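Note that our numbering has the sequence shown beginning at -16, numbered continuously upward.
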Amino acid sequence: MATPLKIAFVIDRYFEFGGLQRDCLRMAVSCAEKGSEVTVITGNWLGDKPKNITIKEVDANAFTNPGKITRLEQAMESIRFEKPFDCIVGFKKMGGLDIYFAGDPCFAAKQNTQSFIKQLLPRYKKMLKKEAAVFGPESKTRILLIAHQEQDKFCHYYGTSEDRFHLLPPGIDKKRLVNEKFSQEDRHALRAEFNINKDDFLILQVGSSFRTKGVDRSITATASLPGRLKEKTKLIVVGAGDVAPYHAMASQLDLTENIIFPGPLKDVSRFYYSADLLLHPAVTENTGTAILEAMVCGLPILTTENCGYAGYVISAQAGGVCPMPYNQAAFNILLEGMLDSSKLDTWSKNGLHYSRTEDLYSMIDKATDIIIQSASAKST
């Protein structure tokens, strides 16, 4: 019997409601199911632990994010010294990786837009050093890229060889979302649960980082709706985060009865099926998994151009995209126009058709193949 490949996955923290975290776990489980011996190295694990993988929680505490990544990197090196791996897959930028899953945008490109003073801060320099460890020309790390538009940025700032990139399709989890038995009665039941009338507009936002997902933008846009339309519009924000400042914001805008924060929920699909429109006006967003999840469930979308998956909304004609640079007034106008439009049903049908004819799903399978190929080549 052949010796199992030893593969390590490194992520700063795991919680079951994070998109990057779910991708990490799905890849780890997929590799284990194909016969590999899989270890996940993390600073914190919150959630169920699969039986077929080993979870190693390490001390990665530090005052800053770069400090935490350094501690995690040091722990990884220590574990690797005791137990060599055939392949190390990282979900944060750090040295020593065989493969990096690019869940974050190019920091150098973003940092270049900051003020000169900010660029001099130690935090920025450390983050650039971490990024260079992955993308620099001397690095041999292979890169799994789902936000294809970021490749040119990495190549521009670091001279990264194009043959190190593997461009992946999205990895929407059909099993988590598609519910062909979901009915109008189910839709009415969810609305009744949150005291939402059958003929109210229900707009939805999904994400566990309220600031970066632009929840304040969604609240502001809802507050801008005219008279009767605002009265009959409810915004539900599903995700984990500090809701206090957003409750205060809603109160100041006289929207207390219009905004609902149910917290992080496993069964998010029933919200996709019950809502009339998804809002995703992210401040920064490498991809935007919620955009495609909504499309798969037939929910029209209003997002911003900076989201990596915004192009799918345009290709599918499944909603609207607010151009960049972001303008709140323009976003407000788009929201009002979409709610007051007869096209919601058309956008829903377009999204469903697109999601049935395009590959929005195979990322995990293709990433697993690349990881196992890399591990096999290193083990021989």
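Note that CB positions come from ideal geometry on N, CA and C, so glycine has one too.
Just so we're clear, the structure is a prediction, and the values are computed from it rather than from any experiment.
Report the rounded CA-to-CA distance for residue i versus residue j, giving the unit in angstroms.
i, j, result
"residue 355", "residue 251", "32 Å"
"residue 265", "residue 363", "44 Å"
"residue 118", "residue 345", "25 Å"
"residue 290", "residue -14", "42 Å"
"residue 148", "residue 82", "10 Å"
"residue 94", "residue 107", "7 Å"
"residue 292", "residue 304", "11 Å"
"residue 142", "residue 246", "42 Å"
"residue 369", "residue 182", "Residue 369 lies beyond the stretch modelled for the chain, which goes from -16 to 363, so this question has no answer here."
"residue 146", "residue 336", "33 Å"
"residue 175", "residue 257", "11 Å"
"residue 44", "residue 54", "7 Å"
"residue 105", "residue 48", "12 Å"
"residue 80", "residue 196", "29 Å"
"residue 91", "residue 115", "9 Å"
"residue 332", "residue 225", "35 Å"
"residue 199", "residue 285", "15 Å"
"residue 328", "residue 269", "28 Å"
"residue 13", "residue 33", "11 Å"
"residue 357", "residue 339", "31 Å"
"residue 238", "residue 302", "25 Å"
"residue 37", "residue 263", "35 Å"
"residue 192", "residue 9", "21 Å"
"residue 312", "residue 325", "22 Å"
"residue 2", "residue 56", "22 Å"
"residue 322", "residue 306", "19 Å"
"residue -6", "residue 296", "30 Å"
"residue 152", "residue 133", "14 Å"
"residue 365", "residue 194", "Beyond the ends of the chain as shown, which are -16 and 363, falls residue 365; an answer cannot be given."
Measuring alpha carbon to alpha carbon, tell me which of the options ends up nearest residue i.
i, options, result
"residue 288", "275, 272, 37 and 309", "309"
"residue 131", "169, 144, 171 and 88", "88"
"residue 126", "358, 104, 350 and 361", "350"
"residue -4", "36, 18, 42 and 267", "42"
"residue 342", "278, 284 and 357", "278"
"residue 6", "239, 348, 257 and 328", "348"
"residue 22", "180, -11, 176 and 332", "-11"
"residue 20", "10, 9 and 35", "35"
"residue 316", "-9, 201, 109 and 63", "201"
"residue 4", "210, 75 and 65", "75"
"residue 50", "242, 112 and 152", "112"
"residue 352", "2, 194, 11 and 271", "11"
"residue 281", "63, 140, 255 and 319", "255"
"residue 298", "330, 193, 164 and 39", "330"
"residue 319", "227, 214 and 244", "214"
"residue 60", "84, 9 and -9", "-9"
"residue 259", "171, 272, 227 and 307", "171"
"residue 154", "84, 133 and 31", "84"
"residue 120", "267, 109, 184 and 140", "140"
"residue 222", "307, 15, 210 and 249", "249"
"residue 283", "211, 184, 240 and 138", "184"
Residue i bridges to which residues according to DSSP?
i, result
"residue 70", "-10"
"residue 20", "-11"
"residue 37", "22"
"residue 184", "216"
"residue 29", "-2"
"residue 83", "73 and 126"
"residue 353", "Residue 353 is not bridged to any residue."
"residue 243", "219"
Any heavy atom of the ligand ATP closer than 7 Å to the CB of residue i?
i, result
"residue 190", "Annotation note on the ligand ATP: not contained in the displayed structure, which lists no ligands."
When you compare the CB of residue i with every CB in chain C, is at least one pair closer than 8 Å?
i, result
"residue 141", "Absent from the structure is chain C; it holds one protein chain and no more."
**Request:** Tell me, please, whether the segment 216 to 226 touches the segment 188 to 201 by the rule of three or more beta-carbon pairs shorter than 8 Å.
**Result:** yes
**Prompt:** What runs of the beta strand (DSSP E), each 3 residues or longer, lie entirely inside the segment 119 to 164?
**Reply:** 125 to 128 and 148 to 150
**Prompt:** Is it true that the segment 154 to 168 meets the segment 225 to 241, where meeting means three or more beta-carbon pairs spaced less than 8 Å apart?
**Reply:** no
**Message:** Please give me, in chain order, every unbroken run of the alpha helix (DSSP H) with length at least 4 that falls completely inside the segment 246 to 280.
**Reply:** 252 to 257 and 272 to 279
**Message:** Does the segment 22 to 38 come into contact with the segment -2 to 5, if we say contact requires no fewer than three beta-carbon pairs (one atom in each stretch) closer than 8 Å?
**Reply:** yes
**Message:** For a minimum of 4 consecutive residues, which ranges assigned as the alpha helix (DSSP H) are wholly contained in the segment 186 to 239?
**Reply:** 193 to 196, 198 to 206, 210 to 214 and 227 to 235
**Prompt:** Considering only residues of the segment 280 to 321, which uninterrupted alpha helix (DSSP H) runs meet the minimum length of 4 residues and lie entirely inside it, listed in chain order?
**Reply:** 293 to 299
**Message:** I want to know whether the segment 268 to 276 touches the segment 204 to 213 - three or more CB-CB distances under 8 Å.
**Reply:** no
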